[in-house]
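Number of protein chains: 2
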Amino acid sequence: MNGAQSLLQTLVAAQVDVCFMNPGTSEMHFVAALDDVPAMRPVLVLFEGVATGAADGYARMTGRPACTLLHLGPGLANALSNVHNARRARAPMLNIIGDHATQHASFDAPLASDIAGLARPLCDWVRTSMRPENLASDVLDALRVARTPPGRISSLILPADASWGELSDAPQPTAAHAWPEPTRVEEPTLRSIAETLSRGEPSVLLLNGPALTERALRAAERIARKTGARLFSDTFVSRIPRGAGRPQLNRLAYFAEMAVQELTGTRNLLLFGTKAPVAFFAYPGKPSSLVPEGCIVKRCAAAEDDCEDALERLADQLGAPAGDPVLAPLNRPALPTGPLTSVSVGAAIGALMPEHAVVVDEGNTEGIFTFFHTINAPAHDWLQNMGGSIGMGLPVAVGAAVACPDRKVICLEGDGSALYTIQALWTMAREQLDVTSVIFANRSYRILNIELARVGAGEARPRAKDMLDLTRPNLDFVAMAQSMGVSASRPKDAEEFCRVFERAMKERGPHVIECCI
Amino acid sequence: MNGAQSLLQTLVAAQVDVCFMNPGTSEMHFVAALDDVPAMRPVLVLFEGVATGAADGYARMTGRPACTLLHLGPGLANALSNVHNARRARAPMLNIIGDHATQHASFDAPLASDIAGLARPLCDWVRTSMRPENLASDVLDALRVARTPPGRISSLILPADASWGELSDAPQPTAAHAWPEPTRVEEPTLRSIAETLSRGEPSVLLLNGPALTERALRAAERIARKTGARLFSDTFVSRIPRGAGRPQLNRLAYFAEMAVQELTGTRNLLLFGTKAPVAFFAYPGKPSSLVPEGCIVKRCAAAEDDCEDALERLADQLGAPAGDPVLAPLNRPALPTGPLTSVSVGAAIGALMPEHAVVVDEGNTEGIFTFFHTINAPAHDWLQNMGGSIGMGLPVAVGAAVACPDRKVICLEGDGSALYTIQALWTMAREQLDVTSVIFANRSYRILNIELARVGAGEARPRAKDMLDLTRPNLDFVAMAQSMGVSASRPKDAEEFCRVFERAMKERGPHVIECCI
């Protein structure tokens, strides 16, 4: 048995059975070992940012890490933008980065670089596994870190000779692993929060990450109903169950001044699975913190803590009844008619999306209307970009679809965002993933048109405007999708969008709908 | 005047007048300042790897750095793979990376990351410019490093408040700058090499980088003619003038065992602008060094040295006559007929390419035939991937075309390689760059099929083979190019390729030719 075979066996024994990969020469033994370890599902991608984005989506839907396979420093570099997003989403992930054989290191071959140095700024754990005998224990160390709640990024550097070297003894991978558990919030902390909430002051529970599971939301709803506290999620969430039958909560606005206004008058800001809200960007003369003056921030349960347990115990302490929860009713918007706009697209999606859909939202300026039009759609999960590096939507949709083959995945994408990792479409076709991608083609970096003024850079003059413009030439997402084997359509109006979208919801497999708005 | 305006003015005064950019909110003042500094040409790209690849191509053709504009850590991460390639090609480059305003740094906003930490492993110089007053001098420091011969990578981190802050006094950018000069090789070194060459032992001059200019090659040819030494370039070169009227030299083979064979019997390996040759990858039980036993390696002139001067002085010392050089004759291959193969495509390109073309070669396994079929084509320049991270070809072609608007750029691309930075096509359309891209669509990572056996991973079994296969589904490069506004064709045989390629050589503007071989 060689190192690569030992590594793959250890991975599948540790429940890592999907690998999003873009291999090169130094990873050939890992690739060859796939035929020896059939329990590992390899998913080929054409660009490394798709691999890490997919691992992010997979982890958000399963709670378990997938692994990626990347080719030396540059392969890792291509992957890092979506590592950043996954890390901000607190998704567990294991990157395996092939490197030159150790005896080759001193020769400074063309592809050589400081892989560990590249990984460290965005990964929680980095190690080079120097010998085939070490691979099994190294990868388990990597996974223990990755599976530290709610999730971390581990990167294992794999020299080619650690892959191809023979082990003297076969490793003994243990089938069961004890992964770290979330920390239990201590009783005095909860008592203090209960006391605060009992005072009847205007309070907000701000939730994200592990405080946004259905179980956590049900407990939060009890607390809100009992105390009058308002429930908010952060502007961007890793995953939230929403729609009919789920407790409803507010979403903090993206623009800082609006967010501050939403929180104005709040006396207690109680954090569960998140930190005090900050502006996405800085603006001249404006504060970075979104906490209004006079508001006291309490970190009740960190993302590392058992937020579900904390919220339930808090609800119990407050004597909040579990029965008769206030849940979102099923109330789909009417089927829209008339011109195709981001509003009519949002209404159509709300009207037609199936139950248990997974929505990956990188729709940016245009996707916001779909968010609001689906509040009372059938129960679904909503995934967002937590790190702000655009190009996560299509890859995360790949991973969500691999994780949940029985659920429809709907990906909302901006045209500008889609182009960073457009190669994801090919993997959707190859794996016949059940993803409908709605591209909002406003043919500009529209958010930047707004931000240009907001940062005080003045009225956009011609050359500046031209740098935010995507009309020379227009991108044709129908041809683009078809070029990668994905069927596509470009509806002319809301009625046609409804027909196309309804068909996409009924058929299985990938489809792209370009909405020129 | 704000910091961004000062920065742009300093750049153009220092001869940096092209910026390949993909800006975000934190770069909006830089973008706004474009209207104040019309001498700066902004070139918008849809993905950051295109920006750095284009800056690489621009630098190779002009000898001067372009700048890139990138959006925080993730924007830099997307750019790093082609930074790696440019650094290996010793191309000068200035990256400007926007960051959050300094007062925002402590808030750990979603896009925050350790930008300097990410830049350091692949850049030669990294600095954060903290105040608008510092920008002019910081960027001149950055450029002094970037322009240290033959070229280095500088990365300047630009917090948003350094951009938007007002300067108390306008800076005084000096129009003329003294950039570092290459080091003169000392006389004793040259005398010792001359002495070695005079002994009549089998010798090889191995050349790359600054030893591959036309002037350097003419001196090397004199030396070879006088002493019988053989001339080789490395397998991959940053840029080489070749074709009719240029001195000819051998190219070291890619596969290690072939390269060693080519050098077998060589007593003296004399290095100019390069280092001792090493295998691209390591293979079990095979040496990493390509230097045959008994061969003495002499580093005659480093890439940092004045290689042209060294070679000329060496030729003079040897008394090598300057007249009657042996130059490649013009001898185009015949127009091919019959099936479309990488051989017939190569012959057609050799038969039809115009004088002074710039060829960007990322054709990998299939492009090699074009290399040999163009040895006696009209004079042209040939650019290759020095860092081995695929996805450099189309971006480098963008930069070469921006640098040389009067020359036809021909980009040879593998289908797998093309997909890493396919967004470059859109910039070609937007800027109407005169680039003809020939895509060799063998529908596999073919090099890996070869490497899988070479690394001793055994016969490829079904699952391994599937990871190197690009047929499920086939990529359609005609539709892909058209989706980004580039006209495209897919010739069926050699005759049709000749017609399509000939037309592309006559018409200006971007065109893609997909060759299914």
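Chain order of the listed sequences is A and B.
Here the first sequence stands for residues 3 to 519, numbered as in the working numbering.
Here the second sequence stands for residues 3 to 519, numbered as in the working numbering.
Glycine is no exception: its CB is placed at the ideal position from the N, C-alpha and C atoms.
This one's a predicted model, so the numbers in the text were calculated from it and none came from an experiment.
Apart from the 5 residues on each side of it in sequence, Met42 (chain B) sits with its Cβ closer than 7 Å to the Cβ of Leu10, Leu13, Val14, Asp19, Cys21 and Leu36 in its chain, given in chain order.
Judged by DSSP in its simplified three-state form, Cys297 (chain B) adopts coil rather than helix or strand. The way I'd put it, the segment 196–203 of chain B does touch the segment 311–320 of chain B; three or more beta-carbon pairs between them come closer than 8 Å. Put simply, the segment 154–168 of chain A touches the segment 81–94 of chain A. At least three CB pairs are less than 8 Å apart. With respect to chain B, the C-beta atom of Pro123 (chain A) has a partner C-beta closer than 8 Å. Straight through space, the alpha carbons of Leu71 (chain A) and Ser131 (chain A) are spaced by roughly 15 Å. Taking a 10 Å sphere around the C-beta of Thr367 (chain A), we find 16 or more other C-beta atoms and assign the residue as buried. Among the CB atoms of chain B, none fall inside 8 Å of the CB of Ala56 (chain A). Interface flag for Ser83 (chain B) against chain A is set, since a Cβ pair is found closer than 8 Å.
Under a criterion of Cβ atoms nearer than 7 Å, the residues of chain A adjacent to His106 (chain B) are, in order, Ala284 and Ser290. One alpha carbon belongs to Gly340 (chain A), the other to Asp471 (chain A), and they sit about 26 Å apart.
Nearest in C-alpha terms to Glu183 (chain B), of all of B:Ala483, B:Ala278 and B:Glu306, is B:Glu306. Against chain A, the beta carbon of Leu477 (chain B) has neighbours under 9 Å at Leu48, Trp428, Ser485, Met486 and Gly487, listed in chain order. For Asp311 (chain A), the enclosing alpha helix (DSSP H) has its first and last residue at Cys309 to Gln319.
When the beta-carbon positions are compared, Glu516 (chain A) and Arg501 (chain A) stay at least 8 Å from each other. Among the residues facing chain A, Pro464 (chain B) is included, as its CB has a counterpart in that chain under 8 Å away. A straight-line Cα-Cα distance of about 18 Å links Gly287 (chain A) and Glu461 (chain A).
For Ser115 (chain A), same chain residues with a beta-carbon under 8 Å away, outside a window of 5 residues either side, are Leu74, Gly75 and Pro76 in chain order. Remark: C-beta atoms of Gln484 (chain A) and Phe49 (chain A) do not approach each other more closely than 8 Å. Residues of the segment 406–424 of chain A that bring their beta carbon within less than 8 Å of a beta carbon in chain B comprise Gly418, Leu421, Tyr422 and Ile424, in sequence order. By the Cβ rule, the segment 267–287 of chain B counts as touching the segment 162–172 of chain A, because three or more pairs are nearer than 8 Å.
Nearest to Pro335 (chain A) by C-alpha distance, out of A:Lys300, A:Asp326 and A:Phe371, is A:Phe371. For Gly390 (chain A), the CB contacts under 7 Å within the same chain, skipping 5 residues up- and downstream, are Phe282 in chain order. Burial state of Thr266 (chain A) is exposed, judged by a 10 Å Cβ sphere holding fewer than 16 other Cβ atoms. Proximity of Asn80 (chain A) to chain B, defined by a Cβ-Cβ separation below 8 Å, is satisfied. Flagged as an interface residue toward chain B: Trp166 (chain A), by a C-beta distance shorter than 8 Å. The beta-carbon of Gly348 (chain A) is placed no less than 8 Å from the nearest beta-carbon of chain B. For Asp143 (chain A), the enclosing alpha helix (DSSP H) has its first and last residue at Leu137 to Ala148.
The segment 433–451 of chain A and the segment 24–39 of chain B touch, with no fewer than 3 CB-CB distances between them shorter than 8 Å. Listed along chain B, the residues sitting closer than 8 Å to Leu454 (chain A) by beta-carbon distance are Met30, Val33 and Ala34. Out of A:Val347, A:Glu264, A:Leu169 and A:Pro243, the CA that lies nearest to the CA of Glu497 (chain A) is found in A:Val347. Within the DSSP bridge table, the entry for Gly416 (chain B) names B:Phe442 as partners. Within the same chain, Phe283, Tyr285 and Pro286 come within 8 Å of Val457 (chain A) by CB-CB distance, once the 5 residues on both sides are set aside. For Ser491 (chain A), the secondary structure class from DSSP, reduced to helix, strand or coil, is strand. His382 (chain A) and Ile242 (chain A) have their alpha carbons spaced roughly 8 Å apart. The three-state reading of DSSP puts Gln105 (chain B) in helix, counting H, G and I together.
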